[in-house]
Each structure stands twice: as C-alpha cells, then as structure tokens.
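Student: Okay, here's the structure, questions in a sec.
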Amino acid sequence: MSRETKAAALFLLPSFIGFVVFYAYPTLRGIYLSFTDFNLLRNSGEWVGTRNYQAMFADALFWNALWVTFKYVVINIGIQTVLALGIAVLMHRLTSSVVIRGILVLPWLIPNVVLALLWMWMLDPSLGIVNHYLNTVGISSQAFLGSESQVIPTLAGINIWRHMGYTALLLFAGLMTIPKNYYEAAALDGASEWHMFRTVTLPLLRPVLALVLVISVVGSFQIFDSVQVATAGFGGTPGGPGNASRVMYLYIFQQAFEFYDLGYAAALSVALIVLLVFVAAIQLRLLRAGESDLA
Amino acid sequence: MSDTIAPSQTPATERAAAKSARARPKRDLNWGRIGAWAVMGLLLIITLFPFYWMLRTALSTNAELVKGSQTITPPGATLLNLKQALGLASAQEIAAAGTETSADINFFVALRNSVIVCTLITIGQVIFCSMAAYAFARLKFPGRDKIFFLYLTAMMIPPVFTLIPNFVLVKNLGLLNTFPGIVAPYFLMTPFAVFFLRQFFLGISREVEEAAILDGAGRWRIFRQLIIPMSAAPLTTLAVLTYITAWNEYMWPLVVGDSDGVRVLTVALNAFRQGTPTIAPPWAPLMSATLLAALPIILLFLVLGRRMVDAIGFSGIK
C-alpha cells in the first residue's frame, strides 16, 4: 500500500464507518426486514417471503397514502415552482439585496414543528387570524386543517409559504449565470418582458430548473413533520380528519411505531424509494436536465 | 449529475455580480417597476407577518385570545406566557391565567438538550467530513471515485428508509433515550457535508500544497495547517447549516429520544402540544414556547445571514 493510500485510509476511516453503519447497512437491512414479520415488541421476526408486499397491494390505506401524498405533491410543487420562479425573476430585475433575500429565506430555516404550531394557531377555525380576515372581507370561516377536503391544500400552502423563498434563491443563483448580453440583445430588438422571459430566461434556466424541480419533488414526497404536528390537533392522532392527510411518511411511521409492524413498514418504505427513483428518472428524462442550452 | 451542480458562488463573485447589476443603466421609473416593487413588498409582508403574529400572541393575555381578540398589538400585554414557557411562573399565576397544561415543557432542559445534540453533531460532522472531503479532493487511491459515488448515492436515500433499521440498531445497542443514540447517525458523516466540502477543496490551488510536500510535510500536517485555515469560510458555512439542520430535526429524535431527560426542543414542543387541553387551549404560552424555540436560529441568522444567503447557491441544495 502506498503512503498516499495509507493516508487516504486514515482520512476516510471515520466517515466510512458512519457510511457503513448508518447508511449502507441499514439500507440492506431495511430491504431484508421488508421480507420478514419483524415486530418491535417481540424484537424479532421470521422470513415471510413477499407476504408484506402482497398485503401492501391489498391495503386500502396504502393506496390512500399514495393518493394523498400525490395530491399534496402536485399542489405543493405546482404552485411553489411558479411562485418561486416569479420571485426569482423579480429579484433579478429589482435587487440583489441580501436583506430581502434573507427575509425571503427565513421561514426555511425555522423548524417545521414551530411553523406547524404557528399555522395551527393562525388557521384555527374560531380564533385564527386568517378566518378573522376572511370574515372581514365577507367569506365565512373555513375549517382548514379540520376539513377533509381542505387539509391537504392547507398543508401544501404552509409548505409553499416555507419554501418559496428558498426555492426562489436557488433559481436566482441560476438566473445570475445567464449572460447579460442575451437580455441586452433582446431589449434592442424591442422585446417585451414576457417575451424575454419566454425566449431567454426559461430556456437558459432549464437545466437549473430541472434540478430544482427534481429535488423539490423528491423532498415534497417526504412530508412528515408538519402533518404529524398540525393534523393531530390537541392530543389527537395525526393523519386526519379520517385518513385525509395520512401521507406515506406518516403511514410508514405509524405502522412502525404505533403498530410495531416493522416488517410491513419496511416494505412500505421500499415501495416509496422505488417510487421516488421512478419519479426522479422520469423528470430528468422529460426535462433533459443533463443538457444545457448555454453550451 | 455532478456536472449540473456547480460549486457555490463565493461571496466575492456574488458581490461583483450585484455591482454589475447596479451598474446597468437605470431605466426610468415606470408603472411596471412600481408594480413589481409592490409585489415584492407584499411577499415580504406575507413572509414576515406570521412571525409577528407569533410574537404578538406570545405577549398576549390568554383569556383575551380565547375571547377572540384580533387586535394587531398584544391584548393585555404580559410576559407571563414567556415565564410559563421557561418554567419560571408559579402554579398560582398559571392557574389564575387559566393556562394549565398536563405536560410542562421544561424549556431549559429541552434547550440544553438541543444545544448538546446540535453541538456534538456539528463538531463531529465538520471534522470527519472535512477529512473525507480532503481525501476525495486531493489524495489518489484505488477505488476513490467508486467510494465517492457510493457516498453520493446515500444522499438519495429517503431518511424514513434508514429510520427503521437505525432505530432497531440503536435500540439493540441500548442507546434509546441517550444523547449518543440521538447523535450517532449524523456524527460521523452526512453525504451532503462531504460533497459540499469536496467542492471547495477541489478549488484550492495545488501549488501551495506541493511546496509543503517538498518541505517534507505529511498529509495530516498539510490538512491541519494549510487546508483547514484556508477553508475557514466554507467550514463556517457548513457548520451553521449543519447546526440549523440538526436543530430542526424532528422524526429521528422523536423516535429515539422522546423522554424528559433528552427531549430536544422540537420533540418537547410536540409533547407540550399533546399535553394541551382541547377546550380553550393556552395559545399564548404555546406561542411563547415556539417563539423561544425559533429564537436561537433567528439570532444565528442575524449574525451570519449574509454568509448563509450567499451559500444558498447550488451547493445549498440538499
């Protein structure tokens, strides 16, 4: 072994132990657990083949969790991306003030649990400020988190509020890489703002936009904290009303730590990871993320 | 993938870009521009108002809130809720205000726990990930790119996937409800930290290093006396991002550390919520507790905001 290899081994050792013990091994073990009936109370399990997967496909709550998560992701990403793109273009046009960027990114730095409690209060059906303002403009009070039809859009709204500034900052960094002369040329041709946005900004931003989209979609599928806190009310169980907000992460969590069925929960998380890989691959393909129009 | 993630913009290039933006010929004030600023102003209000409302509620008398007061200033302004959240209010005071909860938040204990957990995670991650990042950026050894690729793959694994096996592991090691158990998965490495620092180390000129090697300096000495001091800025940025991420972490500490002695703030807040009565909930103390839990992050951000805002370019994606 060369001196350099020996040095490298020492430099890598701690992180490699961390990688093996807390990433690689648990990943393999998670796949293995999904083929067992591992129960948390017994702290043991037997090999059961594909039984968990068969149960999963027959489990109405699994399909419900998928559907609820899907609805959430579509609302969240759809609105968030449009807003963030708008904010990024606004910043690009108006200012690169650190204070403004700092304010816009602030919610992203605050714990989800804190924000979930804050929005629970602001959206309270009887005492919340949001309903108070709705009432003053003549709209009746809404149940928001307490309504089966509104709970997912509400959670998406909270998350959009938290993430739009951060996503805008990522897109803004992408906008800064577009050469100024493209805009100058377009302006000389008398192009309108909208025309420049469509013919210059959007095509040149595409690789960055694709990357941001893939990352935010994958992140959005993983919503947990705010559902776990904000849909439980006081002393209730999260996921409601009914099953209206029982997203994938929450369903996995509950199977594992409320019903102690780790084997089944592991099978659910394998399904989630397969789904995420699939979604990311489709997006990268559709958005041709690897190619740049700048080259 | 790696070719689409550009190294983060340094503050210097960022500032230069900002300067050139200002240097652009000023257009005449027109209605479009005024409208754009109005939209920006609205966005800032939408972003900041909930934080103001948290503060306003924290300083209100709870009885007024329950009656439905929506005044913009705190009705019956008081510090009692903050005292209650901090565990400094007497039982009589709390009873008089009608804000009893079945679970006390033990704020100082939770704050201490959060500080312990986040500090340990940050120290471990910054040291061990910078070592790994240096090896990946500078040393030649067989299998280097393969191992790095494996590390990157780990970045794609959703946390819930490793949550269950890691829980079983920590449980079998007898580390449930201990600090080592809460800290363990984040202490030695996160793929993001290795990736983030490698990007910076790749950018450091090799010449200085080669001169030191000619002088007979070992790799460890080069790392400690050359690389680390030259990378103070990215190391600080990573430390702050790591600290905040650890501060916000919820699912893992909820699973392995939901008992009084080790509960971190996010988990303690949730326990406080669970112990809250459903009729006339004590919103004012609850908002005081959330405010106090967010305050350290807000303060950190006020001090180091510029560095962090600059860092959220492409290396900020996680």
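In order, the protein sequences belong to chains A and B.
Residue 35 in this note's numbering sits at position 35 of the first sequence, and the numbers go up by one each step.
Just so we're on the same page, this note's numbering is the position in the second sequence counted from 1, plus 1000.
In this text, a Cβ means the ideal position worked out from N, Cα and C, and glycines have one as well.
1. What does Val113(A) reach in chain B if we use C-beta pairs closer than 7 Å?
2. Which residues in chain A sit within 8 Å of Leu1098(B), going by Cβ to Cβ distance?
3. Would you tell me roughly how many angstroms separate the C-alpha atoms of Ala1217(B) and Met1189(B), rounded to the nearest one?
4. Given that Arg1224(B) touches chain A, what residues does it touch there, using C-beta distances under 9 Å?
5. Mind pulling the chain A residues with CB within less than 7 Å of Pro1185(B)?
6. By Cβ distance, which residues of its chain are closer than 8 Å to Ser141(A), with the 5 residues on each side in sequence left out?
7. What's the gap between the Cα of Ile297(A) and the Cα of Gly1261(B)?
8. So Pro14(A) contacts chain B; which residues on that side make the cut at Cβ distance below 7 Å?
9. Using a Cβ cut-off of 8 Å, pull out every chain A residue sitting near Pro1281(B), in sequence order please.
10. What does the alpha-carbon distance come out to for the pair Leu13(A) and Pro1074(B)?
11. Do we get a CB-CB distance below 8 Å when we pair Val1208(B) with the residues of chain A?
12. Taking Cβ to Cβ, would you say Ile152(A) is nearer than 8 Å to Ser269(A)?
13. Which chain A residues sit within Cβ distance under 9 Å of Leu1169(B)?
14. Kindly list, in the order they appear in chain A, the residues whose Cβ is closer than 7 Å to that of Trp1247(B).
15. Under a Cβ-count criterion, where at least 16 other Cβ atoms within 10 Å of its own Cβ denotes burial, should Glu1319(B) be classed as buried or exposed?
16. Please list the residues of the segment 1036-1065 of chain B that have a C-beta atom closer than 8 Å to any C-beta atom in chain A, keeping them in chain order.
17. If we count Cβ pairs, one from each stretch, closer than 8 Å, do we get three or more for the segment 85-93 of chain A versus the segment 1276-1296 of chain B?
18. Just tell me which of Ala1233(B), Phe1149(B), Lys1140(B) has its CA closest to the CA of Glu4(A).
19. By Cβ distance, which residues of its chain are closer than 7 Å to Thr1178(B), with the 5 residues on each side in sequence left out?
20. Give me the Cα-Cα distance between Gln283(A) and Ala1089(B), rounded to the nearest whole angstrom.
21. Rounded to whole angstroms, what's the CA-CA distance from Phe1128(B) to Asn243(A)? Just pull it up for me.
22. For a test of the three-state rule: what should DSSP assign to Thr1237(B), helix, strand or coil?
23. Determine contact between the segment 220-230 of chain A and the segment 66-84 of chain A, defined as no fewer than three beta-carbon pairs at a distance below 8 Å.
24. Kindly give me the distance between the Cβ atoms of Ala112(A) and Tyr1250(B), rounded to whole angstroms, as I take these residues to be in contact under 8 Å.
25. Give a yes or no on whether 8 Å exceeds the smallest Cβ distance from Glu258(A) to chain B.
26. Taking the alpha-carbon of Ser1288(B) as reference, which of Asn1106(B), Ala1091(B), Gly1068(B), Ala1095(B) has the nearest alpha-carbon?
27. Verify the CB distance criterion: does Gly165(A) have a CB-CB separation below 8 Å to chain B?
28. DSSP beta-bridge partners for Ser44(A)?
29. Find the nearest neighbour of Thr1236(B) within the set Pro1282(B), Leu1169(B), Gly1174(B), Met1308(B), judged by alpha-carbon distance.
30. With 16 other CB atoms within 10 Å as the buried threshold, where does Thr1071(B) fall?
31. Would the segment 1163-1170 of chain B count as touching the segment 1198-1213 of chain B if we require 3 or more Cβ pairs under 8 Å?
32. Please list, in chain order, the chain B residues whose beta carbon lies closer than 8 Å to that of Gln222(A).
33. For Leu10(A), does the count of other Cβ atoms within 10 angstroms reach 16, so buried, or fall short, so exposed?
34. Please go through the same chain and pick out, in chain order, the residues whose beta-carbon is closer than 7 Å to the beta-carbon of Arg1112(B), but skip the five residues on each side of it.
35. I want to see whether chain B comes within less than 8 Å of His195(A), judged by CB atoms only; does it?
36. DSSP three-state label for Asp124(A), please.
Tutor: This is what the structure gives:
1. Tyr1250, Thr1266, Leu1269, Asn1270
2. It is worth fixing the name first, because residue 1098(B) is Gly in this sequence and not Leu. In chain order: nothing, as chain A lies at least about 15 Å away.
3. 27 Å
4. Residues of chain A passing the Cβ test: none, with the nearest at roughly 11 Å.
5. Phe22
6. Pro125, Ser126, Asn131, Leu134, Asn135
7. Since the first and last residues shown for chain A are 1 and 295, residue 297(A) lies out of range.
8. Phe1128, Met1131, Leu1188
9. Phe234
10. 55 Å
11. With 8 Å as the cut-off, Val1208(B) does not count as an interface residue toward chain A.
12. Result no, Cβ atoms of Ile152(A) and Ser269(A) do not sit closer than 8 Å.
13. Val21, Phe22, Tyr25, Pro26, Arg29
14. Pro111
15. With chain B running from 1001 to 1318 in the structure shown, residue 1319(B) is simply not present.
16. Ala1036, Trp1037, Val1039, Met1040, Leu1043, Leu1044, Ile1046, Thr1047, Leu1048, Pro1050, Phe1051, Trp1053, Met1054, Thr1057, Leu1065
17. no
18. Nearest neighbour of Glu4(A) by Cα position, chosen from Ala1233(B), Phe1149(B), Lys1140(B), turns out to be Lys1140(B).
19. Excluding residues within five positions, the ones whose Cβ falls inside 7 Å are Val1262.
20. 54 Å
21. 43 Å
22. If DSSP states are grouped into helix, strand and coil, Thr1237(B) belongs with the helices.
23. yes
24. The amino acid occupying residue 112(A) in the given sequence is Asn; Ala does not appear at that position. Contact flag correct, Cβ pair sits at about 6 Å.
25. no
26. Taking Ser1288(B) as reference, the option from Asn1106(B), Ala1091(B), Gly1068(B), Ala1095(B) with the minimal CA-CA separation is Asn1106(B).
27. yes
28. Asn39(A)
29. Met1308(B)
30. When all chains shown are included, Thr1071(B) counts as exposed.
31. no
32. Pro1158, Pro1159, Val1160
33. exposed
34. none
35. no
36. coil
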